[in-house]
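Peer 1: Residue numbers (mature numbering (1 follows the signal peptide of the UniProt record, and there is no 0)): -19 to -1, 1 to 322. Backbone N, C-alpha and C define an ideal beta-carbon position, used for all residues, glycine too.
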Amino acid sequence: MVGSSLAWSLMLCSWWVAADPDLKKGVTDPSQADADFAIQGEYSGSACLWGCRQQMGLQVVALGDGRFDALLYPGGLPGNGYNGGVKSKLSGQREGDRVILQGERVSATLQTGFAVILTDRAGQLLGYLQPMHRYSLTAGAPPPPGAVVLFDGRPSNRLKNATISENGLLQVGAETVDAYRDFILHAEFKTPYMPYARGQARGNSGFYLQQRYEVQVLDSFGLESQNNDAGGLYKFKAPDLNMCFPPLSWQTYDIHFQAARFDDAGTKVENARITVWHNGVVIHNQVSLENKTGGGKPEAAQPLPILFQNHGNPVEFRNVWLVDRSATPATCVPQPSCCGR
């Protein structure tokens, strides 16, 4: 469902630098991160657990000051083999040049540049996991003919309140000039590294479709998804699968949105519907939106612009485009060509 690379582990070795005071505000450049950033991430391999050898995936989350939480997935990482089975939770901290994570039945030893060693609580070797860097196969997707290019790294007359960084990335707070009724939206985003933050304070932004329905952006990497986490239809529905990549990884949303329908008297006769792919994997499939989400504006027949929410965290965006389907019949649209490994 997503691509991967072992080369990421070699790059991490160069990121062992002193902690920056801005870590508590969030950093957007790996060179500003601390040593824990080199440990945080995804790992994949096989291990002999519960009487049989199987593929496993591990997501390790940095919590600041050398502390970590982790989830161990049977079958592999989410979107790359995870079979829906019971996940194992681990936690621990840095001990010298290693990080030791303990779970109810499994322990993991991590060291930058080396495979994760999985053992049982008695110290018996279970297997090894290699560091992985995954990427969405829709990252860099070019706009199709007729698409509206909202942002491509240059100033855009399609956005207002847009701020562009020195390295050509869109910052939070922008809004489309035009309003759209039915559309396909492709957007790429990167959450900051904020190891000391928790919950809604960790890499928070969102795409407010018609300023009414929010698809949440958040650093929810390695968490059990709630309806206000990454990919959530804010406070309405959690994603079917947590496809959040680690912070400072480029991620994608591919959103197919059909607006609510109203009769001539202004009475709603059909709910809005939405399908969302997060990093190339379906997390909401033709979901009926019963009402606005969270702090969205009230539903009405009049379409409204799309807002890139400013929640005070330095989330960044690139390659944002839209196919306006307002003049075409509201039909089921095909899934993006993004499945593969």
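Give a yes or no on contact between the segment 62 to 71 and the segment 126 to 133, applying the rule of three or more CB pairs nearer than 8 Å.
Peer 2: In short, these stretches do not touch, since the Cβ pair count stays below three.
Peer 1: Kindly identify the DSSP beta-bridge partner or partners of residue 231.
Peer 2: Residue 231 is not bridged to any residue.
Peer 1: For residue 308, count neighbouring Cβ atoms within 10 angstroms of its own Cβ and tell me buried if that reaches 16, exposed if not.
Peer 2: Per the 10 Å Cβ criterion, exposed.
Peer 1: Can you tell me which of 57, 290 and 74 puts its alpha carbon nearest to the alpha carbon of residue 111?
Peer 2: Residue 57 is the option with its Cα nearest to residue 111.
Peer 1: Could you tell me which uninterrupted beta strand (DSSP E) segments, each at least 3 residues in length, are contained entirely in the segment 11 to 41, listed from first to last along the chain?
Peer 2: Fully enclosed beta strand (DSSP E) runs of 3 or longer: 22 to 30.
Peer 1: Determine the DSSP secondary structure at residue 45, reduced to helix, strand or coil.
Peer 2: Strand at residue 45.
Peer 1: Hey, how far is the Cα of residue 94 from the Cα of residue 259?
Peer 2: Straight-line Cα distance between these residues: approximately 28 Å.
Peer 1: List the endpoints of the continuous beta strand (DSSP E) containing residue 110.
Peer 2: 106 to 116 is the span of the beta strand (DSSP E), which, as asked, contains residue 110.
Peer 1: Beta-carbon separation of residue 117 and residue 102 under 8 Å?
Peer 2: Result no, Cβ atoms of residue 117 and residue 102 do not sit closer than 8 Å.
Peer 1: Name the DSSP bridge partner or partners of residue 156?
Peer 2: 141 and 288, per the DSSP bridge assignment.
Peer 1: Compare the Cα-Cα distances from residue 10 to each of 296, 302 and 300 and report the closest residue.
Peer 2: Of the candidates 296, 302 and 300, the one whose C-alpha sits nearest the C-alpha of residue 10 is 296.
Peer 1: Ignoring anything shorter than 3 residues, give me the beta strand (DSSP E) runs that lie fully in the segment 185 to 260, in order along the chain.
Peer 2: Correct list: 186 to 190, 194 to 198, 232 to 239, 249 to 251 and 253 to 259.
Peer 1: So, are the CB atoms of residue 268 and residue 218 less than 8 Å apart?
Peer 2: Yes.
Peer 1: For residue 124, would you say it is in contact with chain C, using Cβ-to-Cβ distances shorter than 8 Å as the test?
Peer 2: The structure shown contains no chain C, having only a single protein chain.
Peer 1: Quick one, are the C-beta atoms of residue 303 and residue 132 less than 8 Å apart?
Peer 2: Not in contact: residue 303 and residue 132 (Cβ atoms no closer than 8 Å).
Peer 1: Let me know the secondary structure DSSP gives residue 281 once reduced to three states.
Peer 2: Coil, per DSSP.
Peer 1: Which residue's Cα is closest to the Cα of residue 98: 86, 85 and 81?
Peer 2: The option with the nearest alpha carbon to residue 98 is 81.
Peer 1: For the segment 176 to 196 against the segment 273 to 292, do three or more pairs of beta-carbon atoms, one drawn from each stretch, fall closer than 8 Å, so that the two count as touching?
Peer 2: Taking 8 Å as the limit for Cβ pairs, the verdict is that the segment 273 to 292 does touch the segment 176 to 196.
Peer 1: Considering only residues of the same chain and omitting the five flanking positions on each side of residue 78, which have a CB-CB separation below 7 Å?
Peer 2: Same-chain partners within the cutoff: 92.
Peer 1: How long is the line joining the alpha carbons of residue 83 and residue 59, rounded to whole angstroms?
Peer 2: Residue 83 and residue 59: Cα-Cα distance of roughly 21 Å.
Peer 1: Around the C-beta of residue 46, are 16 or more other C-beta atoms found within 10 angstroms, so that it is buried, or is it exposed?
Peer 2: With fewer than 16 other Cβ atoms within 10 Å, it is exposed.
Peer 1: Grouping DSSP H, G and I as helix and E and B as strand, with all else coil, what is residue -11?
Peer 2: Below a pLDDT of 50, predicted positions are generally treated as unreliable, and residue -11, at 40, falls in that range; the measurement from the model is reported next regardless. Of the three classes helix, strand and coil, the one that applies to residue -11 here is helix, per DSSP.
Peer 1: Determine whether the beta carbon atoms of residue 156 and residue 284 lie at a separation below 8 Å.
Peer 2: No, the Cβ-Cβ distance between residue 156 and residue 284 is not below 8 Å.
Peer 1: Determine the burial state of residue 225: buried for a count of at least 16 other Cβ atoms within 10 Å of its Cβ, exposed for fewer.
Peer 2: Looking at its Cβ environment, which holds 16 or more other Cβ atoms inside 10 Å, residue 225 is buried.
Peer 1: Report, in whole angstroms, the separation of the C-beta atoms of residue 201 and residue 223, which I expect to be a contact under 8 Å.
Peer 2: Contact flag correct, Cβ pair sits at about 6 Å.
Peer 1: What does the alpha-carbon distance come out to for the pair residue 306 and residue 26?
Peer 2: Cα to Cα, residue 306 sits roughly 43 Å from residue 26.
Peer 1: Might you give, ordered along the chain, the residues of its own chain that have their beta carbon closer than 7 Å to the beta carbon of residue 257, omitting 5 neighbours on each side?
Peer 2: Result list for residue 257: 196, 212, 234, 236, 264 and 265, in chain order.
Peer 1: Would you report the Cα separation of residue 205 and residue 136, rounded to the nearest angstrom?
Peer 2: In a straight line, the C-alpha of residue 205 is about 38 Å away from that of residue 136.
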